[in-house]
Amino acid sequence: MEKKITDPFILRGILAGIAVALISGLVGCFVVWKRMSYYGESIAHSSLLGVAFAILMGVSINLGVVFTCLLFGILFLWLQHSKVLSSDTLLGVLAHVTLALGIIIISLNKIKIDIHAFLFGDILTVSSSDLWGMYLGVLIAISLICYNWSSLLLVTIDEDLAKAEGVNTLNINLLFTFILTIVVAISIQIIGLLLITAMLIIPAAASRRLANSPETMALVATFIGIVSVILGVMLSVEIDAPSGPSIVLVSAILFFLSPFLSIFVIKK
Amino acid sequence: MNSLNALISAKNINVFKNDKFILQNVDVQINKNDFITIIGPNGAGKTMLLKCIMGFYKPDKGTIIKKENLKIGYVPQSTNIINTMPINVKSFITLRKKYDQLSLKQVVVETKIGEIINKQISVLSGGEMQRVLLARSLLNNPELIILDEPAQNLDIAGQMNFYELLQSIYSKRKLSILMVSHDLHLVMVSTKKVLCLSNHICCSGKPQQIAQDPEFISMFGKDMANMMAVYQHNHNNNPNNNDNSLIGEKNN
Chain A
2 MEKKITDPFI LRGILAGIAV ALISGLVGCF VVWKRMSYYG ESIAHSSLLG
52 VAFAILMGVS INLGVVFTCL LFGILFLWLQ HSKVLSSDTL LGVLAHVTLA
102 LGIIIISLNK IKIDIHAFLF GDILTVSSSD LWGMYLGVLI AISLICYNWS
152 SLLLVTIDED LAKAEGVNTL NINLLFTFIL TIVVAISIQI IGLLLITAML
202 IIPAAASRRL ANSPETMALV ATFIGIVSVI LGVMLSVEID APSGPSIVLV
252 SAILFFLSPF LSIFVIKK
Chain B
35 MNSLNALISA KNINVFKNDK FILQNVDVQI NKNDFITIIG PNGAGKTMLL
85 KCIMGFYKPD KGTIIKKENL KIGYVPQSTN IINTMPINVK SFITLRKKYD
135 QLSLKQVVVE TKIGEIINKQ ISVLSGGEMQ RVLLARSLLN NPELIILDEP
185 AQNLDIAGQM NFYELLQSIY SKRKLSILMV SHDLHLVMVS TKKVLCLSNH
235 ICCSGKPQQI AQDPEFISMF GKDMANMMAV YQHNHNNNPN NNDNSLIGEK
285 NN
């Protein structure tokens with residue numbers, strides 16, 4: 002059977018992709034500013050363990066992912082406090098341990114899931130109820146970011162400065178981790194856990210040259226994300242490739258075009 | 035020492051990490067219109083002391099009493115400021131601050147950042163960034179500003195400009211200053227009191243006295259002590275001479 006753009010499951014895929022873009026552009030900016038791409042990557046890796054737990058316990062996969070990634074984030078923030086090992090090393094250990102554990106649990110229990118779909122994304126897996134869950138997650142994450150916007154920015158610029166001015170930096174860092182886990186949970190079906198970081202980083206990086214304030218950078222990143230998702234899903238249908246890599250490929254093209262676009266955007 | 039004048043009074047501060055003293059029995063009192071400079075070798079606990087005083091690190095022992103509703107401005111080391119975010123000077127200075135246009139204008143003039151107010155943070159020079167941080171700390175009229183090695187990565191002319199600016203703000207605003215600085219020979223004129231820290235307070239007092247203190251000389255060497263005396267001498271006789279010649283060179 003030929004797949005067409007107007008098929009309901011492809012429309013659902015595009016809508017799900019737009020949900021991802023709405024939040025990943027915004028959160029991706031913080032990841033770029035904080036130079037935390039490896040942290041994002043590690044949280045995404047740990048999500049496979051969440052998938053395994055969720056299926057074992059018969060709960061929703063999104064819920065399993067949010068809980069496991071959140072635990073991962075808290076464990077990391079706690080271990081980071083001791084400062085014996087660098088964050089980089091800690092993340093390298095935790096990320097791969099959780100990924101390995103996730104795959105082992107899935108294979109030991111003979112869970113019949115398509116690991117490939119979780120690694121690279123598959124728009125065919127998105128149901129209508131998934132869509133509702135995704136947009137709910139987007140709404141929660143965006144509200145949390147908007148409400149804490151200036152504190153998040155200040156902590157990003159300089160944690161000590163934020164502390165001195167009365168920001169509870171621990172809470173803000175935990176909040177950021179929570180938001181990141183929501184992004185991972187929303188993205189895993191469409192983008193796949195191996196490529197979630199790309200969806201965070203590439204649109205944000207592409208928008209850096211096109212923006213002169215944090216707000217415009219977040220908006221431009223979101224816009225680039227949405228364009229990538231729509232064109233990427235269309236491409237994946239056209240060439241019958243997984244959705245995640247197709248979306249990432251389109252966003253990468255936009256990234257390489259961004260220096261040329263910047264000529265038209267910044268007038269100052 | 036009149037305790038009514040005290041803005042912050044820290045007594046018997048002890049901090050230890052991994053069975054090692056970072057701070058041992060440190061007493062600091064900051065009074066109204068004080069200008070205190072903390073000096074000491076690397077790892078002497080200078081930044082930790084500032085963190086305790088500002089209240090974002092709880093010392094293992096000791097008490098810190100602050101005047102009620104004390105407004106503190108903090109100037110961090112400029113090297114920590116990230117430059118990956120597109121944000122202009124004005125947005126950065128006013129981020130998460132309650133302010134009115136008048137005091138913003140005043141601060142901009144005071145710290146001489148009018149020309150760079152619409153520039154991006156990422157393109158500022160070290161000296162400009164330092165003035166921007168100072169401006170931010172002044173925006174809600176603090177009674178005390180705390181600076182952590184503010185001129186650390188400036189060239190000599192930049193350092194002098196910055197300390198001169200700090201001195202003029204200090205005398206105009208009649209606020210108190212607590213500063214960590216290695217450039218003691220440059221802040222001699224302004225500093226009222228020097229606190230020499232090496233996990234405990236080695237010596238403290240007026241700069242002139244400190245320069246002759248055996249503990250100070252053993253820590254920083256005779257050269258430093260002599261240099262302090264020389265600079266002090268120069269500044270007293272001809273306060274602007276050195277600065278102007280250096281600034282002139284930079285502009286050429």
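So the sequence lines, in the order shown, correspond to chains A and B. So the first sequence is numbered by our numbering: it starts at 2 and just counts up by one. So the second sequence is numbered by our numbering: it starts at 35 and just counts up by one. For each residue, glycine too, the CB sits at the ideal point set by N, CA and C.
is_contact[residue i, chain B] using C-beta, thresh 8 Å
i                 : result
ILE180 of chain A : no
GLU166 of chain A : yes
LEU155 of chain A : yes
MET33 of chain A  : Looking at the sequence itself, residue 33 of chain A is Val, so the reference to Met does not match. With 8 Å as the cut-off, VAL33 of chain A counts as an interface residue toward chain B.
MET37 of chain A  : no
ASN213 of chain A : yes
ASP161 of chain A : yes
SER87 of chain A  : no
SER263 of chain A : no
ARG13 of chain A  : no
ILE225 of chain A : no
SER247 of chain A : no
ILE158 of chain A : yes
SER151 of chain A : yes
Any C-beta of chain A under 8 Å from that of residue i
i                 : result
PHE90 of chain B  : yes
THR118 of chain B : yes
ILE150 of chain B : no
GLN58 of chain B  : no
PRO75 of chain B  : no
SER125 of chain B : yes
TYR108 of chain B : yes
LEU354 of chain B : A question about residue 354 of chain B goes unanswered here, because the residues of chain B that appear run from 35 up to 286.
ARG165 of chain B : no
ASN175 of chain B : no
ILE293 of chain B : There is no way to answer for residue 293 of chain B, as the model of chain B reaches only from 35 to 286.
ILE121 of chain B : yes
GLY161 of chain B : no
ARG130 of chain B : yes
Nearest to residue i (by Cα), restricted to the options the options
i                 : options                                : result
ASN175 of chain B : B:ILE106, B:ASN260, B:ASN52            : B:ILE106
ASN122 of chain B : B:LYS132, B:GLU149, B:ASN67            : B:GLU149
MET88 of chain B  : B:ILE211, B:VAL166, B:ILE116           : B:ILE211
GLY138 of chain A : A:SER88, A:GLY103, A:ASN174, A:ILE183  : A:ILE183
CYS324 of chain B : B:GLU177, B:SER224, B:ILE190, B:GLY239 : Residue coverage of chain B in this structure runs from 35 to 286, which leaves residue 324 of chain B outside it and unanswerable.
SER296 of chain B : B:GLY255, B:ASN187, B:PHE50, B:CYS236  : Chain B is shown only over 35 to 286; residue 296 of chain B falls outside these bounds and no answer can be derived.
ALA259 of chain B : B:VAL228, B:SER232, B:ILE235           : B:VAL228
VAL249 of chain A : A:PHE265, A:LEU258, A:VAL230, A:TYR136 : A:VAL230
Which of helix, strand or coil DSSP assigns to residue i
i                 : result
PRO9 of chain A   : helix
ALA40 of chain B  : strand
LEU125 of chain A : helix
LEU280 of chain B : Because the pLDDT at LEU280 of chain B is just 41, under 50, the model does not fix this residue reliably, and the point stays unresolved.
GLY161 of chain B : helix
ILE116 of chain B : coil
LEU173 of chain B : coil
ILE56 of chain A  : helix
MET35 of chain B  : A caution first: MET35 of chain B carries a pLDDT of 47, below 50, which makes its placement in the model too unreliable to give a value.
VAL85 of chain A  : coil
TYR40 of chain A  : helix
GLN154 of chain B : strand
LYS164 of chain A : helix
GLY96 of chain B  : strand
MET213 of chain B : strand
LEU57 of chain B  : strand
TYR204 of chain B : helix
VAL49 of chain B  : strand
GLY239 of chain B : strand
CB contact flag (residue i, residue j, <8 Å)
i                 : j                 : result
ILE202 of chain A : VAL33 of chain A  : yes
THR99 of chain A  : SER47 of chain A  : yes
ILE240 of chain A : MET119 of chain B : no
TYR91 of chain B  : LYS100 of chain B : no
SER252 of chain A : SER244 of chain A : no
TYR133 of chain B : LEU162 of chain A : no
ALA20 of chain A  : ILE197 of chain A : no
GLY103 of chain A : LEU153 of chain A : no
ILE47 of chain B  : GLY77 of chain B  : no
VAL223 of chain B : SER215 of chain B : no
LYS66 of chain B  : LEU104 of chain B : no
VAL234 of chain A : ILE15 of chain A  : yes
SER151 of chain A : LEU129 of chain B : yes
Are the region 100-120 of chain A and the region 139-146 of chain A in contact at 8 Å, needing three or more beta carbon pairs? no
* Do three or more CB pairs link the region 191-203 of chain B to the region 162-173 of chain B at distances below 8 Å? -> yes
query: Would the region 141-159 of chain B and the region 53-65 of chain A be scored as touching if the rule is three or more Cβ pairs under 8 Å?
result: no
Take every Cβ of the region 76-86 of chain A, pair it with every Cβ of the region 212-229 of chain A, and state whether three or more of those distances are shorter than 8 Å. Contact between the region 76-86 of chain A and the region 212-229 of chain A is absent: fewer than three C-beta pairs spanning the two stretches fall below 8 Å.
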